[in-house]
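Colleague: Numbering (the numbering used here), first residue to last: 11 to 274. Input: one structure, supplied below.
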Ligand SMILES: [Zn+2]
Ligand SMILES: [Zn+2]
Ligand SMILES: [Zn+2]
């Protein structure tokens, strides 16, 4: 039996304040990235965290974490309505939506390739923030304290980012006879403009294999949250083979590649 826990992606680290904030409204106009204590909206960097919600609290997962409808930060509401922390928005204190997801966040478990440690509860503003850059670099707290601060005896949170990007090429020459190579993918949410490049081989008239390569070029961010044809790479000569496409997140450098089987 597989037990699946519901979760929500698009939770991000803000490079300006170090808070965990929800970036799922990023394309919906002004203030769509919330209110950052460092001014204007939050700015994402790094992993796309996938936050579990709705489950029961356990010895290694704490309940009562909420999305703030004003600043978009993840904050702890477990001290009750009179103690909601400090929000950098005009509301002054964080507020959860009554119908929103209630997050249950892992803590004091091992860091893994898809779980990042060194996330903490700020005792001043009640947000979740990243403390991994060390004591002199704790981000920006909206309280007079100025920087976020963890309690030394508090839970140390470990956030899941189980994104497993996949990419593959579909050779239309084998399907419909035209020359297009389609790049498809899913499970990846780039942070910025995607840089992509391709390489290939082809048989020359002299019978020798030649190599071709196009250096990295920029393209618009590819939303690979859904499977589908992302773009047509090029109208390929059917004689080309061993085609490899590489693409990289323009901000983090995180990348992946896809290749075709040899054409016949
Ligand atoms: Zn921020
Ligand atoms: Zn808030
Ligand atoms: Zn704080």
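The beta-carbon is built from N, C-alpha and C at its ideal position, and this holds for glycine as well.
#1: Is the beta carbon of residue 85 within less than 7 Å of some heavy atom of ligand 2?
#2: When you measure from the CB of residue 135 to every non-hydrogen atom of ligand 3, does any distance come out below 7 Å?
#3: Would you identify the three-state DSSP class for residue 21, choosing helix, strand or coil?
#4: According to DSSP, residue 117 sits in a beta bridge with which residue or residues?
#5: So who's on the other strand from residue 72, going by DSSP bridges?
#6: Give the secondary structure of residue 54 by DSSP, where H, G and I count as helix, E and B as strand, and everything else as coil.
#7: Just to confirm the assignment, what range does the beta strand (DSSP E) spanning residue 126 have?
#8: Shortest alpha-carbon distance to residue 159 belongs to which of 22, 134, 144?
#9: Check whether chain B comes within 8 Å of residue 87, counting only Cβ atoms and requiring the distance to be less than that.
#10: With a threshold of 16 other CB atoms inside 10 Å of the CB of residue 147, please say whether the residue is buried or exposed.
#11: Pull up the distance between the alpha-carbon of residue 27 and that of residue 62, whole angstroms please.
#12: Report the rounded CA-to-CA distance for residue 24 versus residue 70, giving the unit in angstroms.
#13: First and last residue of the beta strand (DSSP E) that includes residue 265?
#14: At the level of alpha carbons, what is the spacing between residue 275 and residue 180?
#15: Whole angstroms are fine: how far does the CA of residue 86 sit from the CA of residue 77?
#16: So what does DSSP say about residue 78, is it helix, strand or coil?
#17: Which class does residue 209 belong to by DSSP, given the choice of helix, strand or coil?
#18: Can you check whether the CB of residue 82 is closer than 8 Å to the CB of residue 104?
Modeller: Reading from the atomic positions:
#1: It does: the Cβ of residue 85 is within 7 Å (strictly closer) of some heavy atom of ligand 2.
#2: Yes, ligand 3 has a heavy atom inside 7 Å of this Cβ.
#3: Correct three-state label for residue 21: strand.
#4: Under DSSP, residue 117 forms a beta bridge with 167.
#5: Per DSSP, 115.
#6: Here residue 54 sits in strand by DSSP.
#7: 125-131 is the span of the beta strand (DSSP E), which, as asked, contains residue 126.
#8: Closest option to residue 159, Cα to Cα, is 134.
#9: Absent from the structure is chain B; it holds one protein chain and no more.
#10: Classification for residue 147: exposed.
#11: For residue 27 and residue 62, the distance between alpha carbons rounds to 23 Å.
#12: The C-alpha of residue 24 lies about 25 Å from the C-alpha of residue 70.
#13: Boundaries of the beta strand (DSSP E) around residue 265: 265-269.
#14: Outside the shown range of the chain (11 to 274) lies residue 275, about which nothing can therefore be said.
#15: Residue 77 and residue 86 have their C-alpha atoms some 9 Å from each other.
#16: When DSSP states are grouped into helix, strand and coil, residue 78 belongs to the strand group.
#17: DSSP places residue 209 in strand when its eight states are reduced to three.
#18: Taking the C-beta atoms as reference points, residue 82 is found no nearer than 8 Å to residue 104.
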